[in-house]
Every structure is written in structure tokens, then in C-alpha cells.
Amino acid sequence: LVVAGRNKQVLHGLPISALPIDVAADDVTARAVALQAERVDLAPGEVWMPARDDGPCGPHFWVLVKGKGCVEVADGLRVVMPLNVGSLFLEGMAADFGAHVRA
Numbered sequence: 008l009v010v011a012g013r014n015k016q017v018l019h020g021l022p023i024s025a026l027p028i029d030v031a032a033d034d035v036t037a038r039a040v041a042l043q044a045e046r047v048d049l050a051p052g053e054v055w056m057p058a059r060d061d062g063p064c065g066p067h068f069w070v071l072v073k074g075k076g077c078v079e080v081a082d083g084l085r086v087v088m089p090l091n092v093g094s095l096f097l098e099g100m101a102a103d104f105g106a107h108v109r110a
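According to the numbering used here, the sequence shown holds residues 8 to 110 in order.
1) Please state whether DSSP places Arg-46 in a helix, a strand or coil.
2) What does DSSP give as the partner residues of His-107 in its beta bridges?
3) When you compare each of His-107, Leu-84, Asp-82, His-67 to Gln-43 by their alpha carbons, which one comes out closest?
4) Please report the Cβ distance between Glu-98 and Pro-57, rounded to the nearest whole angstrom; I am assuming they are in contact, meaning their Cβ atoms lie under 8 Å.
5) My output table needs one value for Leu-21: the three-state DSSP class, helix, strand or coil.
6) Going by other Cβ atoms of all chains shown within 10 Å of its Cβ, with 16 needed for buried, is Ala-11 buried or exposed?
Structure representation (C-alpha cells):
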């Protein structure tokens, strides 16, 4: 199941081809990034805590490929930014301000 998902991700050049920058799914660079990208599926209402830039794996960015979400402050009472398909989200900055992503 994991291997099939990764193969599909590489075949479609995700997540880079989901960005609104006109990159084809068969672009070699998009596929190389897809090999390294971690896919995270969130159920409606589920929360994703962003990684800090000073973590052992360095800075992370997040691309919304399907569905919608929002960035909220940690108390969950204030929406800071909506996330739609093709949104690019810098995790470190959100982590610094105690924000998270809600699907």
C-alpha cells in the first residue's frame, strides 16, 4: 500500500506539480522531489502540527494537493489563513508562532 502510494506520487510529480507554477507531472525534477516527499492524509477536522526549522531534518514546506484546510493559532479559535489546492505552506514560520493546520 505504501509502495503503491509512493509510485502514484512519483508518476504524478506530486507535490510540485500541484503548485500553480506550470510544472508538468512528468518533469524529472518534480519526480525527484516526489521521491523524497512525505505524503500526509488528514481527515476532516484533523490537526497537523508543523515542524520547526531547527529540527534534525531542517526546514519543511507543505503543499496542499487535494481538499482544503486552514492555518489556526494554537488555541484553535482564530483562523490565520485559508489553504486551498496548490497552497504552499512554510512549516517553520507557523511553528514559531504556535500555529497548526486543520483539515
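We treat Cβ as the ideally placed atom computed from N, Cα and C, and that holds for glycine.
Keep in mind it's a predicted model, so treat the numbers as computed, not measured.
Put simply:
1) coil
2) Glu-79
3) His-67
4) Approximately 4 Å separates the beta-carbon atoms of Glu-98 and Pro-57; this is inside 8 Å, confirming the contact.
5) coil
6) exposed
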